[in-house]
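Below is one structure, written out as structure tokens; comments come after it.
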Amino acid sequence: MRNCVFLSPTDTAYVETQFTVEAKKLKFIKNDENKWEATLQVTLLYIRDSMVFKHMKYLLFSEAIEDTTKDRNFNLADLKRTSLPNGEYEIEIYLEDFNDKTSHGFLTEGISINYKTDSLSFSDIELVESYNESKENSIYSKYGYEILPYTIQYYPTALSKLTFYCELYHSDHYFQTDNFLTSVYIRESLSGKPIDNFIFNVKQSPDSLKILFSSFDISKLPTGSYFLTIELRNKKYESVAMQNLYFIRTNTAIVFNPKQLDSVQVENDFATKLPDDSLNFYVQSLYPLANNDEHNYINYFKKSTDNNAMRAFIFKFWVKRNANDPYAEWSNYKSQVYAAENSFHTQIKHGFDTDRGRIYLKYGAPSDINKKSQEPGTFPYEVWHYYFITPSQSDVHFIFYNPDLVTNDFELIHSDAIGEIKNPKWKYKLNDAFKNQKGATNSDATEFPNSWGSHVDDFLK
6 MRNCVFLSPT
16 DTAYVETQFT
26 VEAKKLKFIK
36 NDENKWEATL
46 QVTLLYIRDS
56 MVFKHMKYLL
66 FSEAIEDTTK
76 DRNFNLADLK
86 RTSLPNGEYE
96 IEIYLEDFND
106 KTSHGFLTEG
116 ISINYKTDSL
126 SFSDIELVES
136 YNESKENSIY
146 SKYGYEILPY
156 TIQYYPTALS
166 KLTFYCELYH
176 SDHYFQTDNF
186 LTSVYIRESL
196 SGKPIDNFIF
206 NVKQSPDSLK
216 ILFSSFDISK
226 LPTGSYFLTI
236 ELRNKKYESV
246 AMQNLYFIRT
256 NTAIVFNPKQ
266 LDSVQVENDF
276 ATKLPDDSLN
286 FYVQSLYPLA
296 NNDEHNYINY
306 FKKSTDNNAM
316 RAFIFKFWVK
326 RNANDPYAEW
336 SNYKSQVYAA
346 ENSFHTQIKH
356 GFDTDRGRIY
366 LKYGAPSDIN
376 KKSQEPGTFP
386 YEVWHYYFIT
396 PSQSDVHFIF
406 YNPDLVTNDF
416 ELIHSDAIGE
426 IKNPKWKYKL
436 NDAFKNQKGA
446 TNSDATEFPN
456 SWGSHVDDFL
466 K
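With my numbering, letter number 90 in the sequence shown gets 95, and the count goes up by one each step, no holes.
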């Protein structure tokens, strides 16, 4: 499921709720025309301030097929549009196979709507599975195109193109008569740096509505997590607006080759002075900052004892992040590694191998930490709050807990940070004393019943 927010021509915000279900997972029965058909019961809830603000419930029918052993290799797809005022919403979707009541699923996603009349703003970035020009009106119609959304933010090796659609509103009010530059690029999720060869710029004139509809060839984009970014710049080349979309790429067509390090020259640099017996420790400590390609090297060095290659990797790693002074970057990070080692290590794990250590090294020290070791009915837990983390995320929380009560190894069970684990039932995991409560074994339940002495909700406000 994806939820994308747009503005109508009358400046009314609306959300598109898009989802797909594999037909082969549904039960087909014969219809009145003696063909096989699946039926999905869909319930959509738009929740604001813990109350159902809008809802809809309907049946979605598959296409009728002749043979269920051959013809079920397709998806049921649907899109619903509903207008919503500014605010924070949780959108919940319940899917049930109408022909098999034991088969059901639940998804939830939070959205924020904050449009101002006549102000420069973007819609959400919509990923596109396919499109064609069309004058006919359908649920998939947008400004002369019929656009079928791609509803997951994951691109496997088999998909070599990323197509996107986005709307820009009221650039005429902001830029007046001045032209502006639209930059579109793919950047690494952690470093935030644009990837070479995945950038294009378009000079545009202002208007009340601009359509941004294009694609990238991602056949050579390595496995990893990324942001698709659309950025506006004025005539002084100052950034004035930005929209981002997180996605994950798997690309097994690009083969890992450790011999590439042979060409890295590290003579008379800081990496040559690192002690041999600490090299593997230093390499492994880079994992929280590394991209997927660098993860391959780090995993490779768990088995390799090639000190020269490890020095080359460390040097290359920091030159990539600060070509002018890689040693300063390394020195600062090394001090953080030892801080994590001191605070988070266990008897069998280094600090950087623990969940708290990884988050600490990846995002820095949290703005606030709330610890509870003896709250009624709960395992010991910590709530870390970041006012801001790179790139472009604010008011972010991480919830850790310690289920074994013995080690110092707190496990991350939920976060609202992009790219981190999200578990709608995390309160049930935290409150093990209530594991037999109604909802603990219900896959659709997300709200944990209030319990005496619990402060966890206070820490998330």
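Note that beta-carbon positions come from the ideal geometry of N, C-alpha and C, so glycine has one too. This structure is a prediction, so every number in the text was calculated from the model and none was measured.
Taken through DSSP and simplified to helix, strand or coil, G197 comes out as coil. Scanning the region 95-180 from its first residue to its last, the whole beta strand (DSSP E) runs of 3-plus residues come out as 109-118, 131-138, 150-154, 166-174. Relative to L284, the option among I303, N273, C171, S268 whose CA is nearest is I303. DSSP places H355 in the coil class of the three-state scheme, outside both helix and strand. Looking at the DSSP output, E243 bridges to nothing. Across the structure, S88 and H355 are spaced so that their CA atoms are roughly 50 Å apart. Comparing C-alpha distances from A43 to each of I144, F185, L64 shows the shortest one belongs to L64. With fewer than 16 neighbouring CB atoms inside 10 Å of its own CB, V207 falls in the exposed class. The beta carbons of T182 and L173 sit no closer together than 9 Å. The residue from L366, V324, K225 with its alpha-carbon nearest to that of P293 is L366. Per DSSP, reduced to three states, the secondary structure at Q46 is strand. Along the length of the region 385-439, whole alpha helix (DSSP H) runs at least 4 residues long occupy 431-435, reported in chain order.
If you compare the alpha carbons of K241, V269, D222, A276 with that of N256, the shortest gap goes to D222. Here DSSP, grouped into helix, strand and coil, assigns E93 to strand. For the options N436, N407, I423, the alpha carbon positioned closest to that of P381 is the one of N436. In this model, L250 and S420 are separated by some 18 Å (Cα to Cα). Cα atoms of A345 and T156: separation of roughly 38 Å, rounded to the nearest angstrom. Rounded to the nearest whole angstrom, the CA to CA distance from P14 to E141 is 19 Å. With contact defined as three or more Cβ pairs closer than 8 Å, the region 59-78 and the region 27-37 are in contact.
When the five nearest sequence neighbours on each side are left out, the beta carbons in the same chain lying within less than 6 Å of the beta carbon of T412 are those of T351, in order along the chain. As the crow flies, the alpha-carbon of K40 is around 8 Å from that of I34. Judged by pairs of C-beta atoms under 8 Å, the region 259-275 touches the region 312-330, as three or more such pairs exist. Short of 8 Å from the beta carbon of V57, and not among the five residues preceding or following it, lie these beta carbons of its own chain, in chain order: L50, Y51.
The straight-line gap separating the alpha-carbon atoms of D76 and F24 is approximately 21 Å. The region 159-175 makes contact with the region 222-241: 3 or more CB pairs, one atom from each, lie closer than 8 Å. With a cutoff of 9 Å on beta-carbon distance, L45 and E114 are scored as not near each other.
Nearest neighbour of D16 by Cα position, chosen from F111, L125, T48, turns out to be L125. Spanning the alpha carbons of V133 and P154 requires a straight line of approximately 4 Å. Contact annotation: L84 and Y145 have beta-carbon atoms nearer than 9 Å. Burial of M315 is indicated by the presence of at least 16 other C-beta atoms within 10 angstroms of its C-beta.
Nearest C-alpha to R363 among T383, K376, W389, P385: W389.
Partner residues in the beta bridge of Y51, as assigned by DSSP, are K59, I96. Distances from the CA of Y406 to each of T383, I426, K240 were compared; the closest alpha carbon is that of T383.
In the structure shown, Q379 adopts coil according to DSSP, grouped into three states.
In this structure, I394 and Y368 form a Cβ contact; the two beta carbons are roughly 5 Å apart against a cut-off of 8 Å.
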